[in-house]
Amino acid sequence: MSPRGIRARRPRVPKRTIWLAAGVVVLAGTGVTAVSVTGGSGGSGADDASRPAQAHTLSLDGKDPKKRELPRTDTQMFSLVGVSWEDGADDFEGTAQIRTRGAESGTWTDWRDLDFGIRAPETEEGDASRVRGASEPLWVGPSDAVEARVLAGGKETAVPDALRLDMIDPGDEKAGKGQGKGGGKGGNGKGNGQGKPSAEPGTGESATATAGATPSGEDAAPTTAPEEPAEPTQEPTEAPATEQPAPSDAPAPSEEPAQEPTATEPGAPEPSQEPTTEPAVPSEEPTAPATSDAPTQEPTEEPATPAPSEEPATEPTPAPTAEPTAEPSARREPSGSTSPAAPDAPAIVSRADWGADESLVVDPPSYLDTVDAVFVHHTAGTNDYDCADSAAIVRGILTYHVETNGWNDIGYNFFVDKCGTVFEGRAGGVDKPVRGAHTYGFNGYSAGVSLLGDYENGGTPTAAAKQAIADLSAWKLGLHGVDPGAQVTLTAAGDTGVYDTGEQATLNTISGHRDGYATLCPGAALYSALPEIRGAAGASVYADRPEK
Numbered sequence: 001m002s003p004r005g006i007r008a009r010r011p012r013v014p015k016r017t018i019w020l021a022a023g024v025v026v027l028a029g030t031g032v033t034a035v036s037v038t039g040g041s042g043g044s045g046a047d048d049a050s051r052p053a054q055a056h057t058l059s060l061d062g063k064d065p066k067k068r069e070l071p072r073t074d075t076q077m078f079s080l081v082g083v084s085w086e087d088g089a090d091d092f093e094g095t096a097q098i099r100t101r102g103a104e105s106g107t108w109t110d111w112r113d114l115d116f117g118i119r120a121p122e123t124e125e126g127d128a129s130r131v132r133g134a135s136e137p138l139w140v141g142p143s144d145a146v147e148a149r150v151l152a153g154g155k156e157t158a159v160p161d162a163l164r165l166d167m168i169d170p171g172d173e174k175a176g177k178g179q180g181k182g183g184g185k186g187g188n189g190k191g192n193g194q195g196k197p198s199a200e201p202g203t204g205e206s207a208t209a210t211a212g213a214t215p216s217g218e219d220a221a222p223t224t225a226p227e228e229p230a231e232p233t234q235e236p237t238e239a240p241a242t243e244q245p246a247p248s249d250a251p252a253p254s255e256e257p258a259q260e261p262t263a264t265e266p267g268a269p270e271p272s273q274e275p276t277t278e279p280a281v282p283s284e285e286p287t288a289p290a291t292s293d294a295p296t297q298e299p300t301e302e303p304a305t306p307a308p309s310e311e312p313a314t315e316p317t318p319a320p321t322a323e324p325t326a327e328p329s330a331r332r333e334p335s336g337s338t339s340p341a342a343p344d345a346p347a348i349v350s351r352a353d354w355g356a357d358e359s360l361v362v363d364p365p366s367y368l369d370t371v372d373a374v375f376v377h378h379t380a381g382t383n384d385y386d387c388a389d390s391a392a393i394v395r396g397i398l399t400y401h402v403e404t405n406g407w408n409d410i411g412y413n414f415f416v417d418k419c420g421t422v423f424e425g426r427a428g429g430v431d432k433p434v435r436g437a438h439t440y441g442f443n444g445y446s447a448g449v450s451l452l453g454d455y456e457n458g459g460t461p462t463a464a465a466k467q468a469i470a471d472l473s474a475w476k477l478g479l480h481g482v483d484p485g486a487q488v489t490l491t492a493a494g495d496t497g498v499y500d501t502g503e504q505a506t507l508n509t510i511s512g513h514r515d516g517y518a519t520l521c522p523g524a525a526l527y528s529a530l531p532e533i534r535g536a537a538g539a540s541v542y543a544d545r546p547e548k
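See below:
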């Protein structure tokens, strides 16, 4: 739990132009206001059968200042959920729990906690008037009803203002295809929608409320649950491997998006080695998502994973400025050696291939001078997902970060799933030093990679996931001549709960989120695996090795 942050908010006119469908439905007897926000996929020219990502919200109103409760309530289809509030600088200390009803099974889940620790970027992006405070989003799978309770705790004397429940339908890959930047309709959580108390709690029957009038030309909220993508028809015969996918099955790099994958296409690379650690409580054996046919050169030798070491490879030196321009202590000159031959980059599923709705992203990306460190995160969602759902989870997080948090784009630079598949995150080029929104106080120096799943409450990262994080980190740091096993001294650009503004922080070049910010992220299990990941990164075929 991060402490309450206090920072100056500088008013400015947001660059995003917001188009809304007006209308509000007050649920009788509940004190809950239902609203709906639709993503900017309308008029994209996508296949008529595609389903764009959508954000639906329920305002959590009430008279008790310390708590809010939402009874079992029927909703439009959603797969990812969180809570948000008006002030993006307010770090809520309390508890939020939700339970959902499966759209197919009709059964209700147990109560599940929402995690906190998201902080808006320490730049103008985080100061925009549209920015809201929010919990981490939780992936729940296709659902059509929800129950929630929020309780103020710790130093909190009341729940935050304008508290609401945010539910995201990630849509499908086709809905995000072929869309340019600059023409999006960014939502701010107001509009029309639907939701009503469930007539028969605990059953699969869902009654639909009628929303307020929708202006001509805007997409009306659907009155029936959208059809979810078909499940893959083939499962892998073995558990996920730590090696890179074969060239014929490798996902397309982001620079050259390949042909569209489909949810029913079982194009997962067949693993050849069983991971040493199984994913926690998966519903079935992980199945890799469909990938493109664009080849990515395979390593000519298997990466060796030496025993992890807590000792840094080099000694830290004095800190750079807030935006480093001089070479930090961990940087070394890229090697000119060509032996042994190594692939140029890990296989990365591009934004086009996982179906990013580019109309949501209005402002252009910002770039750093260099990348001095990689921060490892977890999404704090669930480990009980199929890898075929990974692209949908990433689409849901994109929509949540833009429509709920009010950011310009998805916060993380990269995602990794438990099968070891790497996904491009924030736009701007996977090989470029794109500034993300993942580690408050240190976004100006680093890239952020987030592992899908919860590794604080019993989840264990798979061998495939750990190797993918190691390879990705080695490659990303190597582009800037940084040793993945070293340490670097950075200057905190904000009060993080661990460091004060301007304080010098000596960190590993591959660090956990909690090293820089007061949070449990990336979870105890993943954090304890970081020494192993650093060792694997140093031995990776993607690591920069100076000539001896």
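For the sequence shown, full-length UniProt numbering assigns the number 1 to the initial residue and increments by one for each residue that follows.
Ideal Cβ placement from N, Cα and C applies to all residues, glycine included.
Q) Mapping DSSP to helix, strand and coil, what is Ser473? A) helix
Q) What is the DSSP secondary structure of Lys67, reduced to helix, strand or coil? A) strand
Q | Chain-order list of residues whose beta-carbon lies under 7 Å from that of Ala158 (same chain, five-residue window excluded) | A | Pro65, Lys66, Ala152
Q: Report buried or exposed for Lys63, applying the criterion of at least 16 other Cβ atoms within 10 angstroms of its Cβ.
A: exposed
Q) Based on Cα-Cα distance, which residue from His377, Val449, Thr57 lies nearest to Ala525? A) His377
Q. Using DSSP with H/G/I as helix, E/B as strand and the rest coil, what is Trp85?
A. strand
(Q) On the DSSP bridge list, what partners appear for Thr491? (A) Gln504
**Q.** Same chain only: Cβ atoms within 6 Å of Thr100, ignoring 5 sequence neighbours per side
**A.** Thr109, Val140, Ser143, Val146
Q) Beta-carbon separation of Val81 and Leu165 under 8 Å? A) yes
(Q) Output needed for Glu86: all residues of its chain with C-beta closer than 7 Å, excluding positions within five of it in sequence on either side, in chain order. (A) Arg132, Pro160, Asp161, Ala162
Q | DSSP-derived helix/strand/coil call for Tyr527 | A | helix
Q: Please determine, among Ser350, Ala148, Asp90, Arg514, the residue with the shortest C-alpha to C-alpha distance to Asp431.
A: Ser350
**Q.** Residue environment, Gly458, which counts as buried when at least 16 other CB atoms sit within 10 Å
**A.** exposed
Q. Under a three-way DSSP split, which group does Thr95 fall into?
A. strand
Q. Just curious, the alpha helix (DSSP H) that Trp354 is in, first and last residue?
A. 351–354
(Q) Looking at the strands, I want to know which residues DSSP matches up with Arg112. (A) Ile98
Q) What's the C-alpha gap between Trp111 and Leu479? A) 44 Å
Q | Cβ separation of Asp500 and Ala493, assumed to be a contact under 8 Å, to the nearest whole Å | A | At roughly 11 Å, the Cβ-Cβ gap does not stay under 8 Å, so Asp500 and Ala493 are not in contact.
**Q.** 6 Å CB neighbourhood of Gly94 in its chain, flanking five on each side removed
**A.** Leu151, Ala152, Gly153, Glu156
Q.
Among Leu490, Ile469, Ala120, whose alpha-carbon lies nearest the alpha-carbon of residue 559?
A. Because the chain in this structure spans residues 1 to 548, residue 559 falls outside the shown range and cannot be described.
Q | Where Arg51 falls: helix, strand or coil (DSSP) | A | coil
Q: Following the continuous alpha helix (DSSP H) through Leu398, name the residue where it begins and the one where it ends.
A: 390–399
Q. According to DSSP, which residues form a beta bridge with Gly512?
A. Val376
Q | Cβ-based neighbour list, Leu451, same chain, cut-off 8 Å, excluding 5 preceding and 5 following | A | Val376, His377, His378, Thr379, Phe415, Val416, Asp417, Lys418, Pro461, Ala465, Ile469, Pro522, Leu526
Q.
Check this for me: beta carbons of Val488 and Leu507, under 8 Å apart or not?
A. yes
Q. So which of Tyr367, Arg395, Ser366, Asp386 has the shortest CA-CA distance to residue 590?
A. This structure does not reach residue 590, given that the chain is present from 1 up to 548, and the question cannot be answered.
Q.
Run through the DSSP bridge pairs and tell me what Ile168 is partnered with.
A. Ala55, Leu80
Q) My guess is that Thr509 and Val422 are in contact by the Cβ rule of under 8 Å, so how many angstroms apart are they, rounded? A) Not confirmed; about 19 Å, so no contact.
Q.
Relative to the C-alpha of Ala447, which candidate in Ala463, Gly429, Arg149 has its C-alpha closest?
A. Gly429
Q) Out of curiosity, what's the CA-to-CA distance linking Glu403 and Ala55? A) 7 Å
Q | Per DSSP, cross-strand counterpart(s) of Ile348 | A | Val422
Q. Which stretch, first to last residue, makes up the beta strand (DSSP E) that contains Asp386?
A. Element bounds for Asp386: n/a, residue is neither H nor E.
Q | Cβ neighbours of Asn503 in the same chain (closer than 8 Å, five flanking residues each side left out) | A | It should be pointed out that residue 503 corresponds to Glu in this sequence rather than to Asn. Thr491, Ala492.
Q: Kindly indicate the opening and closing residues of the beta strand (DSSP E) around Glu456.
A: Careful: Glu456 lies outside any beta strand (DSSP E) and carries neither H nor E.
Q) When the Cα atoms are used, what is the spatial distance from Glu327 to Val498? A) At Glu327, the pLDDT of 44 sits below 50, so the modelled position is not reliable; the number obtained from the coordinates is stated separately. Straight-line Cα distance between these residues: approximately 25 Å.
**Q.** Nearest-angstrom beta carbon gap, Ala529 and Ala474 [assumed within contact, 8 Å]
**A.** Contact doesn't hold; Cβ gap of about 16 Å is too wide.
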